[in-house]
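Data block below; observations after.
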Amino acid sequence: MKILLVEDDLDLSSALSQALAPVGHQLICCGDGMEALVMARRQPFDAIILDLGLPSLDGLQFLQRLRDGESKTPVLVVTARGATEDKVNGLNLGADDYLSKPFDLSELQARLNALLRRSHGDEDLICGCLRLDLASGVFYNDMRPLDLSPRENALLRALLRSKGQVVTREVLHDAVFGSEGDTSVDAIEVLVHRLRKRIAGANVEIMTLRGVGYLVIDEAIAK
1 MKILLVEDDL DLSSALSQAL APVGHQLICC GDGMEALVMA RRQPFDAIIL
51 DLGLPSLDGL QFLQRLRDGE SKTPVLVVTA RGATEDKVNG LNLGADDYLS
101 KPFDLSELQA RLNALLRRSH GDEDLICGCL RLDLASGVFY NDMRPLDLSP
151 RENALLRALL RSKGQVVTRE VLHDAVFGSE GDTSVDAIEV LVHRLRKRIA
201 GANVEIMTLR GVGYLVIDEA IAK
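Using the working numbering, the first residue of the sequence shown is number 1, and each one after it goes up by one.
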């Protein structure tokens, strides 16, 4: 998952980034509510982890503006506020789930996976012999799990979600690198080259459409 973490506690942000990266999640961290709102409107995220106590724009205001803009991105509210009124307000404004601090990392992971399954209709992404198990975030070639880096995972996920449709390099760059400003769009070409080797034998082709983007197809259907 590509996750926007809206949290002004730098230590917690760092800890969550380190803990979730090994299981294929990419965290884009932001400690300012208004800045996070701009980010959420400009690029796609699989989920948002939202703290309520934020500078410039608090969590509830962020949530209200996000939903007013018709964003359907799943939001998991994580906060030290344990009052029932805060939980009710958050859920009424469009939060999908609520987790009080302190929390166990395994519970956070389970709730994130549940949000992703619900948002995508509880269906695994499948193309050829490739399958993304939404519960674990792991790609499989038939029954064999693929050893993909977080960026390769994010790239393949973005391509499979638009199976049969052209995805521009710019959209893929946002899905993989997010707000990282030191990477060019050309970096996607390098990742695609590596990914083709990773999925060899899966009956899936990643086609390059010069000047347009990339298209993933099931080789069996194409024939």
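Ideal Cβ placement from N, Cα and C applies to all residues, glycine included.
For clarity, every value in this text was computed on a predicted model and none was experimentally measured.
> Taking buried to mean at least 16 other C-beta atoms within 10 Å of its own C-beta, is Glu-107 buried or exposed?
Replying inline: Taking all protein chains shown into account, Glu-107 has fewer than 16 neighbouring C-beta atoms within 10 Å of its C-beta and is therefore exposed.
>> Let me check understanding here. Comparing Cα to Cα, which of Phe-45, Glu-170, Thr-79 lies closest to Ser-71?
In response: Comparing Cα-Cα distances from Ser-71 to each of Phe-45, Glu-170, Thr-79, the minimum goes to Phe-45.
>> Using only CA atoms, which one of Arg-144, Ser-149, Leu-93, Val-212 lies nearest to Thr-168?
In response: The closest CA to that of Thr-168, considering only Arg-144, Ser-149, Leu-93, Val-212, is found on Val-212.
>> Within 10 Å of its beta-carbon, does His-193 have 16 or more other beta-carbons around it, so buried, or fewer, so exposed?
In response: Classification for His-193: exposed.
>> Suppose you measure from the CA of Ser-136 to the CA of Gln-43; what does that come to, to the nearest Å?
In response: Taking the straight line from one Cα to the other gives about 24 Å.
> So is the beta-carbon of Asn-92 under 6 Å away from any non-hydrogen atom of the ligand SAH?
Replying inline: Here there are no bound small molecules, and the ligand SAH is not part of this structure.
>> Let me make sure I understand the geometry here. Which of Pro-22, Lys-2, Cys-30, Met-1 has the alpha-carbon closest to that of Leu-12?
In response: Leu-12 has its Cα closest to that of Cys-30, out of Pro-22, Lys-2, Cys-30, Met-1.
> What are the complete beta strand (DSSP E) segments, minimum 3 residues, inside the region 19-45?
Replying inline: Within the region 19-45, the complete beta strand (DSSP E) runs of at least 3 residues are 26-30.
> Going by C-alpha distance, which of Ala-200, Leu-112, Ile-217, Leu-52 is nearest Glu-85?
Replying inline: In terms of CA proximity to Glu-85, Leu-52 leads the group Ala-200, Leu-112, Ile-217, Leu-52.
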